[in-house]
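> Have a look at this one before I ask anything.
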């Protein structure tokens, strides 16, 4: 399905009162992948996801999801599943009631799959959602999103408040659904370690702007850690962009993005882990005059 | 049916780890011709990794001629890695254990043993290439 | 969506049904006796010449239930607005469940239409049922009381409560939608509803239909009562016209030329003078006129329809605002 795109945004921006929560977001997110959206709190992740589900309207720019305007029609809504931050559920309704809710409100609802998932998760259908643990609520919310058979699943920090076991259980269930139904996923998190396991495409959002976006393999192949004697970073050739730099009195350590191999013998080149890569972008002082980082080409 | 495990800290890409574990299993006789590999759904449901990772590993193994995907049925083992029969493994393992106790008796610690083995292994491999 | 709305409103609906049932039982237990008492004492009081005692005895029957009914009818629309209307959307916004509801396969407008529509219908039905019971039970009392157009009675009978309930409900929903918090929305709803109610009963209702201005020569026999006073030797007459069930805006006595200044009092009307007959005769010779501005009792239903229509129009306008706001401004 190369070339198929789940989300297209051009110059997308959202302003609240004086503050721009998302600025100049331009990207094509490919289909058939698990996309991680990572960045510090307040970077604009939730804003972007709410724009993609139709919960928010853009202030500037355009966004298209699966070729349609988000939230515009029943058909469009049926193709996208969403789990909001803190996995809201109706605390007075039971688990079984939530499934009935899904069945009544979604034409594509797969009741058998929903029932199977609930059984395998050992959830009591008669239990009120307000009495479930955080992990159980998250699983219930995921079941609701997955059993409507969407093409795209959008998750806003679904595991942020879960303990490690519940987190792992959630990701297992999610990956299983992805494998079974071929769903594309866009998932936000501020924990990179979780994303490393499941994501094959990454978007780094810092200060309301995209810093870098691309396939994880490509990102890891094109970013390097350079250590060497203390030097001014301006001396690097063009095509090698310094993402972050730290200096001691004798040594300089750089995280560098480069499409070509680094040949200067003065540097010791080593690979950068995904977490360090993201941290390098998060610690970069955002320069609004700089052109937004380009998507890493295939 | 074999089960995969993932070492998140090894620095080795997950799909390579899967390939490695399949090849290992083939060598040790845990997987024989005709056996089914775990479904992608089962693997990711246990390991919580991206299905594309497993698909990539299985595709690579298929390209190497070790497995074949049958649509609707699963992925099955079609080849073997029997460059040396299983019977030879027993004596080789015993030789290796003897060498290891010898190395320890001379006072080498684990890191030194590993370094010795790896450098000898690599230079032998290079020599083997030169000859071939 | 209908199922979900029912499920969310289930508890409130059952509570309301229970309360209505309790009231129904109380009314059923006392209503027939009340009507019977009317038929046997008040209806025949003219023949027995004991109308005053018969009426006052009758009016003090079931006084607890009368007061309860009064209270309930005044309070119910506000309660509907605060407890059914305000939380309808505010609760979802507070709990974040709107993010669950709006990402199923129903659009925001559909969601709002079903929720709003069903709950509004339920509110109106509850108010209508209550009003039906109250109107039936109170009908003997209404025949001897100040009439159905009286401000204390008008809003508690027939279809007016339905309009009030619809408006209070819509006001509650709108407040909840704009304020996004249940408790402040409830407060705003109650205050807003009370304000509109006061505006209507104190001023707006009187202007719905142009009143009748009846001018007639003052006939002492036609007046139900007349009070003659002489403040500072000026003549002042207060006359209560005999218009049963009418809503009287004002009743004045004027001179033949229309002036409300009646001049100095006749000698025979000053305190310490002769009999009432001489005073009456003197007043009769002044050819005074009686000017009454009023709404006749026959216009009761016209007022009911007009007022209900206005309240429902307000409710619809608020509902329209809700739709626009939810579609374009809400996140």
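Chains as they are written, first to last, in this note's numbering: chain X, 1 to 298; chain B, 1001 to 1132; chain D, 2001 to 2331.
Ideal placement from N, C-alpha and C gives every residue a C-beta, glycine not left out.
Computed from a predicted structure; not experimentally measured.
Go to residue 2091(D), then tell me how far its alpha helix (DSSP H) extends in each direction, as first and last residue.
For the purposes of this step, residue 2091(D) is taken as the residue at position 91 of the third chain. Per DSSP, residue 2091(D) belongs to the alpha helix (DSSP H) from 2086-2095.
> For residue 5(X), which residues of its own chain have a beta-carbon under 8 Å away from its beta-carbon, when the five flanking residues on both sides are left out?
The residue given as residue 5(X) occupies position 5 in the first chain. Contacts found: 28, 29, 30, 31.
> Any beta carbon from chain X within less than 8 Å of residue 2208(D)'s own beta carbon?
For the purposes of this step, residue 2208(D) is identified with residue 208 of the third chain, where counting begins at 1. Cβ-Cβ to chain X under 8 Å: no for residue 2208(D).
> Can you say whether residue 2265(D) is buried or exposed, counting buried as having 16 or more other CB atoms within 10 angstroms of its CB?
Your numbering for residue 2265(D) matches position 265 in the third chain. Buried: at least 16 other Cβ atoms inside 10 Å.
> Count the other CB atoms within 10 Å of the CB of residue 16(X); is the residue buried (16 or more) or exposed (fewer)?
Locating residue 16(X) in the first chain gives position 16, counting from the first residue. Answer is exposed; the Cβ neighbour count stays below 16.
> Which residues in chain X sit within 7 Å of residue 1049(B), going by Cβ to Cβ distance?
Residue numbering aside, residue 1049(B) sits at position 49 when the second chain is read from its first letter. The answer, in chain order, is 175, 197, 198.
> Helix, strand or coil, according to DSSP, for residue 2311(D) in the structure here?
Reading the third chain from its first residue, position 311 is the one you call residue 2311(D). Three-state DSSP puts residue 2311(D) in a helix.
> Counting pairs of beta carbons, one from the stretch 33-43 of chain X and one from the stretch 203-211 of chain X, are three or more of them closer than 8 Å?
Flag = yes, the stretch 33-43 of chain X and the stretch 203-211 of chain X touch.
> Distance, Cα to Cα, residue 57(X) vs residue 75(X)?
Along the first chain, one-based indexing puts residue 57(X) at 57. Along the first chain, one-based indexing puts residue 75(X) at 75. Looking at the two C-alpha atoms, the distance is approximately 18 Å.
> I need the boundaries of the beta strand (DSSP E) containing residue 240(X), first residue and last residue.
For the purposes of this step, residue 240(X) is identified with residue 240 of the first chain, where counting begins at 1. Looking at the DSSP string, the run of the beta strand (DSSP E) that includes residue 240(X) is 240-247.
> Please determine, among 2270(D), 2286(D), 2249(D), the residue with the shortest C-alpha to C-alpha distance to residue 2256(D).
Locating residue 2256(D) in the third chain gives position 256, counting from the first residue. Out of 2270(D), 2286(D), 2249(D), 2286(D) has the C-alpha closest to the C-alpha of residue 2256(D).
> For residue 175(X), which residues from the same chain have a beta carbon less than 7 Å from its beta carbon, with the 5 sequence-adjacent residues on both sides left out?
Within the first chain, the letter at position 175 stands for residue 175(X). Excluding residues within five positions, the ones whose Cβ falls inside 7 Å are 198.
> From residue 1094(B) to residue 1032(B), what distance separates their C-alpha atoms?
The sequence position of residue 1094(B) within the second chain is 94, counting from 1. The sequence position of residue 1032(B) within the second chain is 32, counting from 1. Residue 1094(B) and residue 1032(B): Cα-Cα distance of roughly 24 Å.
> Give me whichever residues DSSP pairs with residue 1024(B) in a beta bridge.
Within the second chain, the letter at position 24 stands for residue 1024(B). Answer is none; residue 1024(B) lacks a bridge partner.
> To the nearest angstrom, how far is it from the Cα of residue 48(X) to the Cα of residue 2103(D)?
Indexing the first chain from 1 puts residue 48(X) at position 48. Indexing the third chain from 1 puts residue 2103(D) at position 103. Cα-Cα distance, rounded: 15 Å.
> Taking the C-alpha atoms as reference points, what is the distance between residue 294(X) and residue 212(X)?
Walking along the first chain from the start, residue 294(X) turns up at place 294. Walking along the first chain from the start, residue 212(X) turns up at place 212. With a pLDDT of only 44 at residue 294(X), under the threshold of 50, the placement of this residue in the model should not be trusted, and no figure is reported.
> What first and last residue would you give for the beta strand (DSSP E) that runs through residue 60(X)?
Position 60 of the first chain holds residue 60(X). 60-65 is the extent of the beta strand (DSSP E) around residue 60(X).
> Which one or two residues does DSSP pair with residue 2209(D) in a beta bridge?
Taking the third chain and counting its residues from 1, one reaches residue 2209(D) at position 209. Its beta-bridge partners do not exist; DSSP assigns none.
> Give every residue of the same chain whose Cβ lies closer than 6 Å to the Cβ of residue 2238(D), excluding the five residues on either side of it in the sequence, and list them in chain order.
Translated into positions along the third chain, residue 2238(D) becomes position 238. So the list reads 2227, once near-sequence residues are dropped.
> Is the beta carbon of residue 92(X) closer than 8 Å to that of residue 130(X)?
Reading the first chain from its first residue, position 130 is the one you call residue 130(X). Reading the first chain from its first residue, position 92 is the one you call residue 92(X). Yes, they are a contact pair.
> Spell out a yes or no on whether the stretch 2160-2176 of chain D and the stretch 2122-2135 of chain D are touching, meaning 3 or more CB-CB pairs, one atom from each, closer than 8 Å.
The answer is yes - the stretch 2122-2135 of chain D touches the stretch 2160-2176 of chain D, with three or more Cβ pairs under 8 Å.
> Just the C-alpha distance for residue 2333(D) and residue 63(X), rounded to the nearest angstrom, thanks.
Because residue 2333(D) is not part of the residues shown, which for chain D are 2001 to 2331, the question remains open.
> Give the C-beta separation of residue 2020(D) and residue 2132(D) to the nearest angstrom, bearing in mind that I take them to be a contact with Cβ-Cβ under 8 Å.
Translated into the one-based positions of the third chain, residue 2020(D) becomes position 20. Translated into the one-based positions of the third chain, residue 2132(D) becomes position 132. Residue 2020(D) to residue 2132(D), Cβ: 10 Å. No contact.
> Which complete beta strand (DSSP E) runs does the stretch 2221-2290 of chain D hold, if anything under 3 residues is left out?
For the stretch 2221-2290 of chain D, whole beta strand (DSSP E) runs of length 3 or above, ordered along the chain, are 2225-2229, 2236-2240, 2247-2254.
> Along the alpha helix (DSSP H) that carries residue 164(X), what are the first and last residues, could you check?
Position 164 of the first chain, counting from 1, holds the residue named residue 164(X). 164-181 is the span of the alpha helix (DSSP H), which, as asked, contains residue 164(X).
> Identify whether residue 57(X) lies in helix, strand or coil by the three-state DSSP scheme.
The count along the first chain starts at 1 and reaches residue 57(X) at position 57. Three-state result, residue 57(X): coil.
> Who are the near neighbours of residue 278(X) in its chain, counting only those whose CB is closer than 7 Å to its CB and skipping five residues on each side?
Working through the first chain from its first residue, we reach residue 278(X) at position 278. Contacts found: 38, 192, 204.
> Give the DSSP bridge partners of residue 229(X), in chain order.
Translated into the one-based positions of the first chain, residue 229(X) becomes position 229. In DSSP, residue 229(X) forms a bridge with 251(X).
> Would residue 148(X) pass as an interface residue toward chain D - the criterion being a Cβ-Cβ separation below 8 Å?
If you number the first chain from 1, residue 148(X) lands on position 148. Yes, its Cβ sits closer than 8 Å to a Cβ of chain D.
> Beta-carbon within less than 6 Å of residue 1075(B)'s beta-carbon, same chain only, minus the 5 sequence neighbours each way: which residues are those?
By 1-based counting over the second chain, the position of residue 1075(B) is 75. Answer for residue 1075(B): 1037, 1058, 1067, 1069, listed in chain order.
> Residue range of the alpha helix (DSSP H) that residue 2026(D) falls in?
Numbered from its first residue, the third chain carries residue 2026(D) at position 26. Its alpha helix (DSSP H) spans residues 2002-2037.
> Beta-carbon within less than 8 Å of residue 291(X)'s beta-carbon, same chain only, minus the 5 sequence neighbours each way: which residues are those?
Looking up residue 291(X) in the first chain gives position 291. Below a pLDDT of 50, predicted positions are generally treated as unreliable, and residue 291(X), at 44, falls in that range; no measurement from the model is reported.
> Are the stretch 1009-1020 of chain B and the stretch 1041-1057 of chain B touching by the rule of at least three beta carbon pairs closer than 8 Å?
Segments in contact, yes.
> Could you tell me whether the stretch 2018-2037 of chain D touches the stretch 2145-2162 of chain D, using the rule of 3 or more Cβ pairs below 8 Å?
No, the stretch 2018-2037 of chain D is not in contact with the stretch 2145-2162 of chain D.
> Apply the 10 Å Cβ neighbour rule to residue 1109(B) and answer buried if 16 or more other Cβ atoms are within range, or exposed otherwise.
As a position in the second chain, residue 1109(B) is number 109, starting the count at 1. Residue 1109(B) should be labelled exposed.
> Kindly indicate which residue of 179(X), 78(X), 228(X) has the alpha-carbon position closest to the one of residue 150(X).
As a first step, residue 150(X) is located in the first chain; it is residue number 150 there, counting from the start. Out of 179(X), 78(X), 228(X), 78(X) has the C-alpha closest to the C-alpha of residue 150(X).
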